[in-house]
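In full-length UniProt numbering, the protein residues as written are 1 to 439.
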């Protein structure tokens, strides 16, 4: 049951991570689509204006303009490189405020922070294919400086001079320049803009994931509660069924003894076993109990061994009882410890079982040793597991459910005690128990 639950948890974790990955991928793709859509809107609204702005500044006039003249003068070495670049730098500074104000006003409502730039990448003198510039020249630029263009557009256009004679106008192809320009835009706050527009979608995805997670947690919590209830039920049933064996067997022997002759010790034995059966029955109806626990008295330890001797007459039980006071332990649980350990010794071939009980330094100490067949070392770590039974050649040679030592360990854990086991094959096994207590 536990392993299945762990597998379900692992499966859900994998599926949840897969769902999370799909959601993240979906959100990333949506982010990219929205980002391209915003850039396309900005580009469409600014592209026409930049074209008009260039014309307004006298940049693309085909005939006899100052730009054409400056191209020719620079190519003919009539002006220096510094004069050439200064011309465009002055043009950029003069138009910066107008260009920036227009761009800002266009997207003030949307809250976009736009950086735009128009630059010449190449100015090629057509007759000899020589390039006038070795790096881009910026024509227009906003106050917000472009870092990395989100959208850029390049174009080519040609300039030429016009010669006039009388009424005729002729284009002079000898002074033609091929210009390659680039217009770039960047939305500096694009991330916040996109996330703002996708807020509802992001919240919906988060709520969906949290809902799935909460539903799973609620389901697992109920599953764990039901599992605990089932385990408690199984433990009670196992405990009761195991504990019923000894008193029933003892009563059967006592019944046979009564048929032969009346023994004065038989009736108290029967009373003790009936009391034990009653205590086991009360465990099934804990809501009807008074909550009081019967303390164990010094003579109770002797009675436990007497019952075992009566039940297993072929085994010799030797008791050394040094207890001289009542102890605040549940009598039924202490009887379970003694009888489970001793019955185990009988099952596995012990003819002599020695039980030493003492209370040194505020500890109850119980030592049960036998001369049985012993336990192999690799078995020792498993003997306290539920339903575990020692095998011989993969065969269980002894009857039982494998619950006796499991119950012993649970009782000791309940009292915060400790149990150690030492065993040698064909020599026997010793169990040593120490349980703390207060006067």
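All residues carry an ideal CB built from backbone N, CA and C; glycine is no exception. Note that the structure is predicted; figures quoted are calculated from it, not measured.
Spatial distance of residue i from residue j (CA atoms)
i	j	result
residue 345	residue 224	37 Å
residue 15	residue 206	16 Å
residue 82	residue 135	13 Å
residue 213	residue 7	17 Å
residue 42	residue 184	11 Å
residue 348	residue 374	8 Å
residue 151	residue 219	50 Å
residue 307	residue 378	33 Å
residue 231	residue 9	19 Å
residue 402	residue 385	8 Å
residue 70	residue 84	7 Å
residue 93	residue 131	25 Å
residue 146	residue 27	27 Å
residue 204	residue 107	28 Å
residue 159	residue 25	49 Å
residue 113	residue 227	59 Å
residue 299	residue 415	21 Å
residue 319	residue 383	24 Å
residue 34	residue 195	9 Å
residue 440	residue 11	Because the chain is modelled from 1 through 439, residue 440 falls outside the range shown and cannot be assessed.
residue 304	residue 316	14 Å
residue 149	residue 115	9 Å
residue 79	residue 73	6 Å
residue 19	residue 197	23 Å
residue 100	residue 86	21 Å
Cross-strand partners of residue i (DSSP beta bridge)
i	result
residue 327	296
residue 140	118
residue 424	428
residue 186	115
residue 218	Paired residue(s): none; residue 218 is not in a bridge.
residue 356	320 and 367
Local conformation of residue i per DSSP, three classes
i	result
residue 178	strand
residue 120	strand
residue 115	strand
residue 156	strand
residue 127	coil
residue 58	Unreliable positioning characterises residue 58 in this predicted model, as indicated by a pLDDT of 38, which lies under 50. The coordinate reading is nonetheless provided below. Residue 58: coil per DSSP, three-state reduction.
residue 432	strand
residue 351	coil
residue 418	strand
residue 321	strand
residue 388	coil
residue 307	helix
residue 202	helix
residue 373	coil
residue 333	helix
residue 247	helix
residue 133	coil
Span of the beta strand (DSSP E), counted from its first residue to its last, around residue i
i	result
residue 465	No answer is possible for residue 465: it lies beyond the span of the chain, which begins at 1 and ends at 439.
CB contact check: residue i to chain B, cutoff 8 Å
i	result
residue 364	The chain labelled as chain B is not found in the depicted structure, where only one protein chain is given.
Enclosing alpha helix (DSSP H) for residue i [first to last residue]
i	result
residue 365	Per DSSP, residue 365 belongs to no alpha helix (DSSP H); it is in the beta strand (DSSP E), 363-370.
residue 382	Counting along the chain, residue 382 falls outside any alpha helix (DSSP H), and DSSP gives it neither H nor E.
residue 410	404-414
residue 99	81-106
residue 74	66-75
Does the count of Cβ pairs from the segment 421-438 and the segment 368-376 closer than 8 Å reach three?
-> yes
Would you check if there are 3 or more beta carbon pairs closer than 8 Å linking the segment 324-339 to the segment 404-411?
-> The segment 324-339 is in contact with the segment 404-411.
Assess, as a yes-or-no matter, whether the segment 187-198 is touched by the segment 120-139 under the definition of 3 or more beta carbon pairs within less than 8 Å.
-> Using a C-beta cut-off of 8 Å, the segment 120-139 makes no contact with the segment 187-198, since fewer than three inter-stretch Cβ pairs fall below that distance.
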